[in-house]
Amino acid sequence: LNAKANLVKKYLVIMDDLKLALKNRPDQNAESAWVSGIELIYRKLQNILEEEGLKTIPEGKEFDPNLHEAITHEENPEFKNGQIIEIVQQGYMLGDRVLRPARVRVAK
(Lines of atoms letter the chains of each structure in order from A; the text may use other names.)
(Lines give C-alpha, C1' and ligand atoms only; values in the text may rest on other atoms or scores of the structure.)
Protein backbone atom coordinates (compact mmCIF):
# COMPACT_ATOMS: atom_id res chain seq x y z
CA LEU A 66 0.00 0.00 0.00
CA ASN A 67 2.87 2.40 0.74
CA ALA A 68 4.40 1.89 -2.71
CA LYS A 69 1.02 2.49 -4.35
CA ALA A 70 0.42 5.58 -2.19
CA ASN A 71 3.81 7.02 -3.12
CA LEU A 72 3.18 6.44 -6.81
CA VAL A 73 -0.34 7.90 -6.77
CA LYS A 74 0.92 10.92 -4.79
CA LYS A 75 3.34 11.77 -7.60
CA TYR A 76 0.47 12.02 -10.07
CA LEU A 77 -1.57 14.39 -7.88
CA VAL A 78 0.66 17.27 -8.97
CA ILE A 79 -0.31 16.61 -12.60
CA MET A 80 -4.00 16.46 -11.61
CA ASP A 81 -3.63 19.82 -9.86
CA ASP A 82 -1.96 21.41 -12.89
CA LEU A 83 -4.59 20.12 -15.32
CA LYS A 84 -7.40 21.27 -13.02
CA LEU A 85 -5.81 24.73 -12.76
CA ALA A 86 -5.38 24.95 -16.54
CA LEU A 87 -9.05 24.11 -17.05
CA LYS A 88 -10.15 26.57 -14.37
CA ASN A 89 -8.17 29.39 -16.01
CA ARG A 90 -8.94 28.68 -19.65
CA PRO A 91 -9.35 31.71 -21.90
CA ASP A 92 -12.99 32.58 -22.68
CA GLN A 93 -12.47 32.78 -26.43
CA ASN A 94 -11.20 29.20 -26.54
CA ALA A 95 -13.81 27.71 -24.19
CA GLU A 96 -14.98 25.24 -26.82
CA SER A 97 -11.71 24.71 -28.67
CA ALA A 98 -10.22 21.32 -29.46
CA TRP A 99 -7.32 22.17 -27.14
CA VAL A 100 -9.64 22.59 -24.15
CA SER A 101 -11.47 19.38 -25.04
CA GLY A 102 -8.13 17.57 -25.22
CA ILE A 103 -7.03 18.85 -21.81
CA GLU A 104 -10.39 17.82 -20.32
CA LEU A 105 -10.02 14.35 -21.82
CA ILE A 106 -6.50 13.94 -20.42
CA TYR A 107 -7.71 15.11 -16.98
CA ARG A 108 -10.63 12.64 -16.99
CA LYS A 109 -8.40 9.75 -18.12
CA LEU A 110 -5.87 10.42 -15.36
CA GLN A 111 -8.65 10.83 -12.81
CA ASN A 112 -10.25 7.52 -13.85
CA ILE A 113 -6.93 5.66 -13.67
CA LEU A 114 -6.23 6.98 -10.17
CA GLU A 115 -9.79 6.25 -9.01
CA GLU A 116 -9.38 2.66 -10.24
CA GLU A 117 -6.36 2.46 -7.94
CA GLY A 118 -8.56 3.55 -4.99
CA LEU A 119 -8.06 7.32 -4.99
CA LYS A 120 -10.99 9.33 -3.60
CA THR A 121 -11.37 13.07 -3.10
CA ILE A 122 -11.86 14.25 0.45
CA PRO A 123 -15.54 15.23 0.57
CA GLU A 124 -16.29 18.91 0.83
CA GLY A 125 -17.39 19.57 4.38
CA LYS A 126 -18.38 22.81 5.99
CA GLU A 127 -16.42 22.32 9.21
CA PHE A 128 -12.63 22.22 9.51
CA ASP A 129 -11.38 18.75 10.48
CA PRO A 130 -7.63 18.55 11.25
CA ASN A 131 -7.68 14.87 10.22
CA LEU A 132 -8.75 15.81 6.68
CA HIS A 133 -7.74 19.44 6.24
CA GLU A 134 -4.67 21.65 6.48
CA ALA A 135 -5.56 25.24 7.37
CA ILE A 136 -3.42 27.64 5.35
CA THR A 137 -5.17 30.72 6.76
CA HIS A 138 -7.55 31.63 9.58
CA GLU A 139 -9.56 34.67 8.54
CA GLU A 140 -12.25 36.93 9.90
CA ASN A 141 -15.30 36.49 7.67
CA PRO A 142 -18.80 37.56 8.72
CA GLU A 143 -20.39 35.12 6.22
CA PHE A 144 -18.93 32.06 8.00
CA LYS A 145 -18.99 30.78 11.57
CA ASN A 146 -15.80 30.08 13.50
CA GLY A 147 -14.22 26.87 12.20
CA GLN A 148 -16.13 26.76 8.92
CA ILE A 149 -14.25 26.27 5.68
CA ILE A 150 -14.31 29.37 3.47
CA GLU A 151 -12.61 27.82 0.46
CA ILE A 152 -10.73 24.71 -0.59
CA VAL A 153 -7.49 26.00 -2.09
CA GLN A 154 -6.09 22.58 -3.00
CA GLN A 155 -8.16 19.40 -3.19
CA GLY A 156 -7.29 16.67 -0.72
CA TYR A 157 -7.26 12.95 -1.48
CA MET A 158 -7.59 9.62 0.27
CA LEU A 159 -6.35 6.20 -0.77
CA GLY A 160 -8.76 3.75 0.81
CA ASP A 161 -9.28 5.01 4.37
CA ARG A 162 -5.88 6.72 4.53
CA VAL A 163 -5.42 10.46 3.94
CA LEU A 164 -2.94 10.71 1.09
CA ARG A 165 -2.92 14.51 1.02
CA PRO A 166 -5.05 16.74 3.26
CA ALA A 167 -7.20 19.39 1.61
CA ARG A 168 -5.59 22.83 1.96
CA VAL A 169 -8.30 25.23 3.13
CA ARG A 170 -9.06 28.76 4.27
CA VAL A 171 -10.87 28.70 7.63
CA ALA A 172 -13.06 31.32 9.31
CA LYS A 173 -12.28 32.48 12.83
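Residue numbers for the sequence shown follow the working numbering, so the first one is 66 and each next one is one higher.
Ideal Cβ placement from N, Cα and C applies to all residues, glycine included.
Bear in mind that the values here come from a model prediction, so they are computed numbers and not experimental data.
State the start and end residues of the unbroken beta strand (DSSP E) segment that holds residue i.
i	result
E182	Since the first residue of the chain shown is 66 and the last is 173, residue 182 is not available in this structure.
Who are residue i's beta bridge partners in DSSP?
i	result
K120	M158
R165	Y157
V171	H138 and I149
E127	Q148
Would residue i and residue j qualify as a contact pair, given that the criterion is a beta-carbon distance under 9 Å?
i	j	result
K74	L164	yes
M80	L114	yes
G156	A167	yes
V100	L87	yes
K84	E117	no
K120	M158	yes
F128	Q148	yes
Meets three-Cβ-pair contact criterion under 8 Å: the stretch 122 to 137 and the stretch 156 to 172
Output reads yes: the stretch 156 to 172 touches the stretch 122 to 137.
- Query: Can at least three beta-carbon pairs, one atom from the stretch 148 to 156 and one from the stretch 116 to 126, be found at a separation below 8 Å?
  - Reply: yes
| task | Report the residue ranges of all alpha helix (DSSP H) runs contained in full by the stretch 70 to 116; include only those spanning at least 4 residues, in chain order. | result | If only complete runs of 4 or more residues are kept, the stretch 70 to 116 shows the alpha helix (DSSP H) at 98 to 116, in order along the chain.
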